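Okay, so here's the structure we're looking at.
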Amino acid sequence: MTASLLQRIAGGDSAAVRECIDQYGALVWSIARRLSRTPSDAEDATQEVFLDIWRSAGRFDASQGSAKVFIAMIARRRLIDRLRKTSAEPPMEPVEALEAAAWADPGTASETAIEAEQAARALAELRPEQRQVLELGLLHGLSQSEIASRLSMPLGTVKSFMRRGLIQVRDYMNIDAEGVSARV
Amino acid sequence: MTDKRPQGQQDEATVDLLIKQVTEGLSPAEQRALDVMDSATASADLREFERAAAAITLAGSAGAPRLPPALAQRLAVQADEHFAAISGAHTVQKVTDLGAARAAAASRISPPRAANRISAYGWLAAAACLILAIFGWLRPPLPTGPPVARVAAPSAAEQRAALLAKSGTLKVALSATKDPAAAGVAGDVVWDPATQRGFMHFSGLAANDPAVHQYQLWIFDGDRDQRYPVDGGVFDVPANAGEIVIPIRAALMVHKPAAFAVTVEKPGGAVVSSRDHVVALGALGATG
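From first to last, the protein sequence lines stand for chains G and R.
Taking the numbering used here, the leading residue of the first sequence gets 600, the next gets one more, and so forth.
Taking the numbering used here, the leading residue of the second sequence gets -8, the next gets one more, and so forth.
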């Protein structure tokens, strides 16, 4: 269903385009808000992300993952690119709000996407401070240096937590998808 | 003499760079360092880390906020412009002068926010450049097919007739209200839920001065909050138009079309209508 949606978009189907905005708008908007410095930046970024989606829809391969992950990947790439091009100002959310991310329950995350459930299961096995590093870096767009400073944690530890966390999630996804262990 | 590090250490350095690229991006120096180490394996690893980061993003996005309706409408207009640029359909879409005026009006309703910061002429120039850039960017992969003969575009009336002949198409009669501007108005809406295309057909709708006010169609969707009907597009009626057919361009997906209304709005239309001047109304099931 979702695979055919992106295929229809690649074919220029205007109904599919509107369906896509309807279905994935909240996801892109959520990522844009977290990884932008101001609300107006988030709106501009959302428009750029959807332009990227229209351009990339033809490259979607359902065997490589869900449409949601495909769209989240496109959104993250665009947002990170925008963040790098702007000055080193803090993200738009105040520090207090950084603790407020709502992690999906591993038991229900599959309603979002199978990959979200895999990630939630992998994250549940991490120590709280490891999870916090991933949250600050991936959900709130803080750099590793900013995370180290905010958590009063050595940069090397931040890098290590980030590395282990992402590898663990990646391995869960690979094992589920192919039944093989990861490479690194 | 070689300064190569042990294999395991080199892998860890590569992984750290890949993860930094996925989480915050690389500086030019880091990118060059990754390029040196780069290989098909690194490229595949980058994609896997991107997938993992996206999956974590999804897992941490429970209860995501809704997309603001005005932004959703801007996205829909932008998408139309994008796909029109690809297909060269900008010219084909000129089904009537009214259609072109309506498209221009739609652009005025919901320009991208960034465009608000520059002049109208600047925006038009930027939009033209963007369309050319997109077209140019997409040009290389396209020329594999045979040349396509350009055919004359069917008129809006012809398109409406074709849509009416299609199974599943809805036809809703529009009735005049008691608003003074509605005197003598009659018409209908033809809407195909499958393709999200449709046309308005009017007679007796008074000519408008686009500099003073414009007409706007609203589509009530049974699946949405009735306070916020979907924008069906802004349009004008020229003097002595007689019967007119106007393409509908819904800004959002319409899941369950329930009713259609035409209002009089300020030039460029409204994001949310005050509904002070409703000139025509029609509900599904209320009329034949």
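Even for Gly, the Cβ is constructed at its ideal location relative to N, Cα and C.
Note that this is a predicted model, so its numbers are computed, not measured.
- Rounded to whole angstroms, glutamate 234/R and histidine 192/R show a C-alpha spacing of 7 Å.
- Pairing aspartate 267/R with glutamate 734/G, the inter-Cα distance amounts to about 48 Å.
- Residues of chain G with a Cβ closer than 8 Å to the Cβ of glutamine 69/R are, in chain order, Gln646, Phe649, Leu650.
- Residue state for phenylalanine 659/G is assigned as coil, using DSSP reduced to three classes.
- Scanning its chain for C-beta atoms nearer than 8 Å, with the 5 sequence neighbours on each side dropped, one finds around isoleucine 620/G the residues Phe649, in chain order.
- Taking the Cα of glycine 764/G as reference, the smallest distance to any Cα among Ser744/G, Gly664/G, Gln731/G is reached at Gln731/G.
- Note on geometry: alpha-carbon atoms of alanine 24/R and glutamine 12/R lie some 12 Å from one another.
- Under the criterion of beta carbons closer than 8 Å, isoleucine 679/G and glutamate 15/R qualify as touching, at roughly 6 Å.
- Residue Ala249/R holds the alpha-carbon nearest to the alpha-carbon of valine 181/R among Ser52/R, Leu37/R, Ser265/R, Ala249/R.
- Residue state for glycine 224/R is assigned as strand, using DSSP reduced to three classes.
- Taking 8 Å as the cut-off, the beta carbon of isoleucine 47/R is found no closer than this to the beta carbon of alanine 712/G.
- With fewer than 16 other Cβ atoms from the protein chains shown falling within 10 Å of its own Cβ, proline 638/G counts as exposed.
- Legend: CB atoms of the segment 168 to 200 of chain R lying less than 8 Å from CB atoms of chain G belong to residues Ala185, Thr186, Gln187, Arg188.
- Contact check for alanine 271/R and valine 163/R: beta-carbon distance about 11 Å, past the 8 Å limit, so the pair fails to qualify.
- For a cut-off of 8 Å, the C-beta gap from methionine 244/R to arginine 617/G is around 4 Å, short enough to register as a contact.
- When secondary structure is reduced to three states using DSSP, methionine 752/G falls in the coil class, being assigned neither helix nor strand.
- Around the C-beta of glutamate 149/R, fewer than 16 other C-beta atoms lie within 10 Å, and the residue is accordingly described as exposed.
- Nearest neighbour of proline 171/R by Cα position, chosen from Gly159/R, Phe190/R, Thr254/R, turns out to be Thr254/R.
- Leucine 605/G has a beta carbon lying at 8 Å or more from every beta carbon in chain R.
- Proximity of phenylalanine 74/R to chain G, defined by a Cβ-Cβ separation below 8 Å, is satisfied.
- For aspartate 26/R, none of the residues of chain G pass the 8 Å Cβ criterion, the least Cβ distance being about 17 Å.
- Between glycine 611/G and alanine 63/R the beta-carbon gap is near 19 Å, outside 8 Å, which marks them as no contact.
- Within the DSSP secondary-structure output, serine 194/R pairs in a beta bridge with Ala177/R.
- Among the residues facing chain R, glutamate 724/G is not included, as its CB has no counterpart in that chain under 8 Å away.
- The distance from the Cβ of arginine 42/R to that of valine 668/G is about 6 Å, consistent with a contact at the 8 Å cut-off.
- For threonine 160/R, the nearest beta carbon of chain G is not closer than 8 Å to its own beta carbon.
- Of all residues in the segment 648 to 673 of chain G, only Phe649, Leu650, Trp653, Gly664, Lys667, Val668, Ala671, Met672 place a beta-carbon less than 7 Å from a beta-carbon of chain R.
- Straight through space, the alpha carbons of aspartate 660/G and aspartate 651/G are spaced by roughly 16 Å.
- If the five residues before and after leucine 741/G are omitted, its C-beta is found closer than 6 Å to the C-beta atoms of Leu735, all from its own chain and listed in chain order.
- With contacts defined as CB atoms closer than 8 Å, glutamine 205/R and phenylalanine 190/R fail to qualify as a contacting pair.
- With respect to the 8 Å criterion, alanine 147/R and proline 229/R are not classified as neighbours on the basis of their beta carbons.
- For leucine 754/G, there are no neighbours in chain R by C-beta distance under 9 Å, as the nearest C-beta there is about 11 Å away.
- Under DSSP, the beta-bridge partners assigned to phenylalanine 211/R are Ala250/R.
- Boundaries of the beta strand (DSSP E) harbouring leucine 165/R: 161 to 167, taken from the DSSP string.
- Around the beta carbon of glutamate 724/G, fewer than 16 other beta carbons lie within 10 angstroms, which makes this residue exposed.
- Among the CB atoms of chain G, none fall inside 8 Å of the CB of proline 258/R.
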